[in-house]
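Below is one structure, written out as structure tokens; the observations come after it.
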Amino acid sequence: MTPLHPVAATGFDRAAGVYATSRPGYPGAIVDWMRDRLGIAPGRTVLELGAGTGKFTASLVRTGADILALEPIAAMLDHLVADFPEVRPLVGQAEAIPLPDESVDAVVCATAFHWFATPAVMAEIRRVLKVGGTLGLVWNLRDEAVGWVKQLSVLTNAHQGTALRERADAWRDVFPAEGFSSLEESEWAYAHHGTVEDVVVGRTLSTSFIATLPAAARAEVVAQVRDLITATPALQHNPVAFPYVTKGYDCRRIA
């Protein structure tokens with residue numbers, strides 16, 4: 006099995022608490038999308054890959070489906086279990102899903118697939134999906150058409166490194182995938198509302214490659230973020246709105 010990327014393994018373990026409190030949820034329309042595009046409804050069994058602390062699980066629960074949540078980092082999964090006792094947790098990785106063949110009606114993955122997007126993972130997803138079952142991939146992307154959001158991304162991405170930047174886009178390389186229909190894309194505008202401390206500062210600290218920085222470097226990033234907040238009128242009050250573009254991709258197991 007491919008080991009977890011060290012930035013993900015260390016960063017998300019360290020940042021599990023701030024991740025749970027500061028990461029955005031997902032637009033309400035995502036529930037309709039899961040029903041209409043993925044066929045997720047009461048009586049269906051759904052596997053969530055890279056479930057983390059349960060940010061997307063909250064939307065899944067609203068579908069009324071039976072949910073299995075797979076997550077390799079115990080500190081993240083602990084938050085999910087505490088918040089969603091009705092969900093069945095699974096500790097493991099997408100490369101070796103601990104479920105029988107053709108055992109789920111849908112697989113979903115929110116803001117995580119880029120960490121493990123390989124042909125081997127696609128084959129494993131195909132194995133556990135029933136024929137006719139669906140795969141849904143979702144990302145919350147910062148709306149960098151907004152000036153201060155673009156500035157924040159430039160500030161934080163200076164610490165990202167080339168390998169992680171390339172990984173963020175490389176997930177598309179596994180498509181088209183054998184045994185799956187072509188990907189269809191949907192898009193929604195979304196805003197994460199909350200205190201500036203959670204929505205901007207906490208969100209920055211929850212980023213894996215920021216969480217892995219030495220303490221002094223991490224403190225410098227926070228100082229730069231606070232300078233940006235001070236210079237931005239839209240961030241001078243609470244609550245604030247952090248704008249995102251949420252994208253969903255879906256396909257179906259056809260063979």
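Residue numbers (my numbering): 6 to 260. Note that beta-carbon positions come from the ideal geometry of N, C-alpha and C, so glycine has one too.
For a cut-off of 8 Å, the C-beta gap from residue 160 to residue 233 is around 7 Å, short enough to register as a contact.
Cβ neighbours of residue 245 within its own chain (closer than 8 Å, five residues either side excluded): 198, 199, 200, 201, 204, 205, 239.
Taking residue 119 as reference, the option from 64, 97, 175 with the minimal CA-CA separation is 175.
Beta bridge pairing from DSSP links residue 191 with 253. Along the length of the segment 57-100, whole beta strand (DSSP E) runs at least 3 residues long occupy 71-76, 93-96, reported in chain order. Under DSSP, residue 120 forms no beta bridge with any residue.
Cβ atoms of residue 154 and residue 192 stay farther apart than 8 Å, at about 17 Å.
The beta-carbon distance between residue 50 and residue 37, rounded to whole angstroms, is 20 Å. This is too long to meet the 8 Å contact definition.
Between residue 77 and residue 59, the C-beta spacing is not below 8 Å. When the Cα atoms are used, residue 110 and residue 95 turn out to be separated by approximately 17 Å.
By the Cβ-count criterion, residue 235 is exposed, with fewer than 16 other Cβ atoms from all chains shown falling within 10 Å of its own Cβ. Here residue 86 is actually not in contact with residue 104; their C-beta atoms are around 18 Å apart, not less than 8 Å. For residue 73, the closest alpha carbon among the candidates 79, 89, 80 is that of 89.
At a Cβ-Cβ threshold of 8 Å, residue 32 and residue 151 do not count as neighbours. Listed in chain order, the non-local C-beta contacts of residue 165 below 8 Å within the same chain comprise 214, local neighbours out to five positions each way being set aside.
Taking all protein chains shown into account, residue 47 has fewer than 16 neighbouring C-beta atoms within 10 Å of its C-beta and is therefore exposed. Around the C-beta of residue 106, fewer than 16 other C-beta atoms lie within 10 Å, and the residue is accordingly described as exposed. Rounded to the nearest angstrom, the gap between the Cα atoms of residue 179 and residue 102 is 18 Å. If you draw a 10 Å sphere on the C-beta of residue 211, you find 16 or more other C-beta atoms in it, and that means buried. Rounded to whole angstroms, the gap between the alpha carbons of residue 35 and residue 126 is 24 Å. Its Cα nearest to that of residue 186, the residue 259 stands out among 66, 117, 259.
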